[in-house]
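Inspection log for the structure reproduced underneath, given as structure tokens.
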Amino acid sequence: MNIDRLTYMANQIARAFEPQGHDSAVDQAATHINKFWDPRMKKTMLEGDRSGLSPIAAEAMVKVEAYVAARPASAW
Amino acid sequence: MGYEPQADFGTPASKSEKLVTLTIDGRAITVPEGTSVMRAAAESGGSIPKLCATDNVKSFGSCRLCLVEVDGMRGTPASCTTPVMEGMNVHTQTPRLQKLRKGVMELYISDHPLDCLTCSDNNDCELQDNAAAVGLRDVRYGYSGDNHLGLATDTSNPYFDFDPSKCIACSRCVRACDEVQGTFALTIEGRGFASKVSAGTSMDDFLSSECVSCGACVQACPTATLQEKPMKEIGKPERAVVTTCAYCGVGCTFRAEMRGEQLVRMVPWKDGKANRGHSCVKGRFAWGYAQHKDRILNPMIRKSINDPWQEVSWDEAIAYTASEIKRIKDNYGARALGGVTSSRCTNEEAFLVQKIIRAGFGSNNTDTCARVCHSPTGFGLSTAFGTSAGTQDFDSVMDSDVILVIGANPTDGHPVFASRMKRRLRQGAKLIVVDPRRTDIVRSPHIEADFHLPLQPGTNVAVLTALAHVIVTEGLAAEAFIKERCDWDEYQEWAEFVSRPQNSPEFLEPVTRVKAEDIRGAARLFATGGNGAIYYGLGVTEHSQGSSTVLAIANLAMVTGNVGRRGVGVNPLRGQNNVQGSCDMGSFPHELSGYRHITDNVARKLFEDDWGVTLDPEPGLRIPNMLDAAVDGSFKLFYCQGEDILQSDPNTHHVAAGLAAMECVIVHDLFLNETANYAHIFLPGSTFLEKNGTFTNAERRIQLVRKVMEPANGYEDWEITQLMAQAMGLDWNYSHPKEILAEIARLTPTFAGVSWERLDAEGSLQWPVNEKFPDGAPIMHVDGFVRGKGKFVVTDYVPTDEKTGPRFPLLLTTGRILSQYNVGAQTRRTGNVAWHPEDLLEMHPVDAEDRGLKDGDWARLASRAGETTLRVQVTDRVAPGVVYTTFHHPATQANVITTEYSDWATNCPEYKVTAVQISPSNGPTDWQEEYEEQARRSRRIAGTVTAEAAE
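So the protein lines, in turn, are chains A and B. Numbering (the working numbering) for the first sequence: 1 to 76. Numbering (the working numbering) for the second sequence: 1001 to 1951.
And the structure:
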């Protein structure tokens, strides 16, 4: 999967939740990605260059990482 | 069902709850107050002769054939215009009446061709029937006087003829055009003996006039004056089957009137609760594609997309398909396989496609074309209200006082519902339209929007937030409703946000380009005008903020208290016939039928137990993700039923690259569509006329699709998916879609009370149909929101990243036109091309002049994604800086231009905003020529004459 495209998508998601406040935005962005991204998309993002992520998206990815680690089926 | 025309009660039904009892010809009858004597007689089994009356339009009282005698009343009043009264004693058949009626009929027949035996309406003609009913045996005046018998027939319309020599000037057609359709294209020109039905001006014929070919006039005509061409060519039908239209999300029901296996005509079913006896040019007439020569009837396979197709038997095709699925699954794993269900196919077919993907392929890589249209609706309404669907039935609009149309063009996209809406507007409801274009609903005969907010494309959220700003800051919020029905804390947070100065109409005016005073006026009207209803379409969803816009619409409905009763609500106008149904059926990669997430262990186990398989517990890929993954090399097999993603999805170059990268593309369709250019297996599909099943329309109304002829390809589509499943070793043994529907009901709580038998008996049901709503729910959230408290979500305006600049200074927005449907695969193969033979580029006169372009010139349309050429239509429907085109024709391929920007929540493409430049052109682009050549080569079939391009 193209990391630039996934980075763009993650940042879009994070930006949409931004008005909810920082903590809530991080939680909701992570939940959204867990709910709607398939395992290979998450893996590409988690193993790829995260430097292009916005602060909220980057923090959300940390939570996504924990979610994936706890669910073997999420592995790609 | 044998062939009987539907009963015509002469005048519309009264909605009064007060009852009146009268006597007609000795029969005691009780009917609602306001009922005409004519209707009361018909409802009680009588039959008063009539010519100018029909129950789709108001009574007119012109033909003088329906005279009756009423005790105590002077003269012989017309029964169509005489309302019933308590204790009235009516006589409909007396010698005096017989004499009067015979005299009237004599005058009609003296100026009517006596060619009944060879007339196409023979035995189906109300004039003929009534001449018999009044006992006419002779015409004393002879036939040699002045008459209209020599008038020429207007054959300009592709579907029906107008033969004025047979016209009796009853005005039924004119009134149907006015009252039912609301176009006002027809009139009676001249006076007295010179009276003549005229379409448009005296210079026009039917085709050149403003007639939209809805068929209401043809349906209303009591003679052969206005008649479908197939009635002349084939003859009178001998049976009729009620089924559901396969075009837009209105879900009109029709009587398919048949002669043997031949479809003679589609007549709107008056008992259909979605269309109430009305139709549009597509459903009524544009069904010729079903028998078009381009249809592929034999399965075909090929090793490479560069090879010609090889026709094979069904057995060979299915075995090859199963072997390819197995090979790719063995080589790359289950998550390398996926497919799409079709919003043009039935619920049962969509359910089976997602089932074969989940239970057979072993992945959740299932998606549906709703991805590219209404996926933000599912996300937004589910978040705000708790249900991924609209809140009202169509009838609800007749109780609306203020109608807000945003990002929808109902007169073109949902014409039958638009006619109902226009009827309500003519009764006095107010109208607010939010659209970059001046669509027909903004201004048309007897309709004028109170406010048209011609926003800059991409600024929906800004406009909706500005409307909310006015409502909240001016104290117009429905606080009692909000306190009772919504989360008050969330409301307060939202209200604080929208009240900020930066969300005022004045501050946002430079962004939205809508006058602040108009936004203020529209907000005040919507908040204070009574029942406010919101109708929206793809102009809302197909944006990078599509889901935010749906949430903002839900906010607007809640802050004004407009949810949970008739006349209000949030109403997504669904594009294709079964968008709602395909979403309901678990087509999305993250959820099972009934919108239960795939990670929900309880829900997943229910399916696993029922299907006897273990399901992948992780969400799968959405269509754009599948294409990305294909380019990336991790997605290899794609099963595409009833969709043409190469033409309909954005950034054609990227779609083509994704398809070309796959090892096996299976296209299951009526035609060798554009996607099939990249396919390795072609499974011929069946039309809606050739199958049984159900569709669910935009009102959540589930209706039966009944087979009226055998599938020309040999199988209904659900049978083909089942053959694939069986070849893969799955134990599927459905013998009829009713068994699939039973499985859906068993596994889907909102469908628990739905069955084939109930639908057959009751006509339709609106989900949820379960213990709480045993007869369905025409209006949702009546006693509270499904999710509990309505949820206000802060939606701030985020500008799209698709920016105009020096290279691409204009904004392109795309849409559809009345006569064509989606990618045009069906409508391009019908007479509808008479109205729209090619996609045109609408440009404002200033933009056109700046570029040296005039009406009809060829222009090069270029964006960052690609370029194409098409002809220019200069019009002030669009604002300066905005251009518009449709995507119905593959030769144009408007989606070469659109980009990969998409909705943040759902990846629904941003079709509605693309930065473009336009310049004069003298012919097709290199890409168009290459594409045409590639399509020609791809459509070759070994052993046959080279298949022509779809065009």
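Backbone N, C-alpha and C define an ideal beta-carbon position, used for all residues, glycine too. In this text the structure is predicted, and so the values were computed from the model without any measurement.
| Check | Outcome |
| --- | --- |
| Alpha-carbon spacing of Val1434/B relative to Gly1277/B, whole angstroms | 29 Å |
| Where Tyr67/A falls: helix, strand or coil (DSSP) | helix |
| 8 Å Cβ cutoff, Gly1215/B in contact with chain A | no |
| Selection of the region 63-75 of chain A by Cβ proximity to chain B, strictly under 7 Å | Ala73, Ser74 |
| Spatial distance of Tyr8/A from Met45/A (CA atoms) | 11 Å |
| For Thr1944/B, three-class secondary structure by DSSP | coil |
| Within chain E, the residues that Pro39/A reaches when beta carbons sit closer than 8 Å | Absent here is chain E; the protein component of the structure consists of chains A and B. |
| Gly1026/B (DSSP reduced to helix, strand or coil) | coil |
| Environment of Ala1752/B [buried if 16+ CB atoms lie within 10 Å] | buried |
| Minimum Cβ-Cβ distance from His32/A to chain B less than 8 Å | yes |
| Any C-beta of chain B under 8 Å from that of Pro55/A | no |
| Contacts around Lys1236/B, its chain only, beta-carbon distance under 7 Å, and the 5 residues preceding and following it disregarded | Asn1123, Asp1124 |
| Assigned exposure category for Glu1324/B - 16 Cβ within 10 Å defines buried | buried |
| Within-8 Å CB hit, Phe1507/B to chain A | no |
| 8 Å contact criterion, which Leu1508/B and Ala1466/B should meet: CB distance rounded | 5 Å |
| Assigned secondary structure, Gln1098/B (DSSP; H/G/I helix, E/B strand, else coil) | helix |
| Interface residues of chain A facing Leu1621/B [CB-CB closer than 7 Å] | Asp38 |
| The region 1280-1295 of chain B / the region 1207-1217 of chain B touching (three or more Cβ pairs under 8 Å) | yes |
| Beta-carbon neighbours of Ile3/A, restricted to chain B and to distances below 8 Å | The premise fails here: Ile3/A is roughly 10 Å from chain B at the closest Cβ pair, so nothing lies under 8 Å. |
| According to DSSP, residues forming a beta bridge with Arg1259/B | Gln1262/B |
| 8 Å Cβ cutoff met for Asp1644/B and Ala1523/B | no |
| Unbroken stretches of the alpha helix (DSSP H), 4 residues or longer, contained in the region 1075-1154 of chain B | 1095-1109, 1126-1133 |
| Alpha helix (DSSP H) runs wholly inside the region 1372-1453 of chain B, at least 4 long, in chain order | 1375-1384, 1410-1413, 1415-1426 |
| Inter-residue spacing [alpha-carbon to alpha-carbon] between Glu1479/B and Ala1384/B | 17 Å |
| Beta-carbon neighbours of Lys35/A, restricted to chain B and to distances below 7 Å | His1590, His1597, Pro1619 |
| Contact between the region 1693-1713 of chain B and the region 1556-1576 of chain B (3+ Cβ pairs under 8 Å) | yes |
| Residues within the region 11-22 of chain A neighbouring chain B, beta-carbon criterion of under 8 Å | Gln12, Ile13, Arg15, Ala16, Glu18, Pro19, Gln20 |
| Sequence-distant residues of its chain with Cβ nearer than 6 Å to Lys1232/B (five each side left out) | Ser1120 |
| Beta carbon of Thr1886/B nearer than 8 Å to that of Arg1829/B | no |
| Reference Asn1952/B; option with closest CA among Ala1679/B, Pro1890/B, Leu1741/B | Limits of chain B in this structure are 1001 at one end and 1951 at the other, which puts residue 1952/B out of reach. |
| Inter-residue spacing [alpha-carbon to alpha-carbon] between Glu1257/B and Ile1234/B | 11 Å |
| Contacts around Ala1949/B, its chain only, beta-carbon distance under 7 Å, and the 5 residues preceding and following it disregarded | Confidence at Ala1949/B is low in this model, with a pLDDT of 39, below 50, so the placement of that residue should be treated as unreliable; the coordinate-derived value is given next. Hits under 7 Å: Glu1932, Ala1935, Arg1936, Arg1939. |
| Cross-strand partners of Trp1858/B (DSSP beta bridge) | Arg1871/B |
| Contact with chain A by Ala1350/B, beta-carbon distance below 8 Å | no |
| Nearest-angstrom beta carbon gap, Ser1544/B and Trp1904/B [assumed within contact, 8 Å] | 6 Å |
| Burial state of Pro1501/B, where buried means 16 or more other Cβ atoms lie within 10 Å | exposed |
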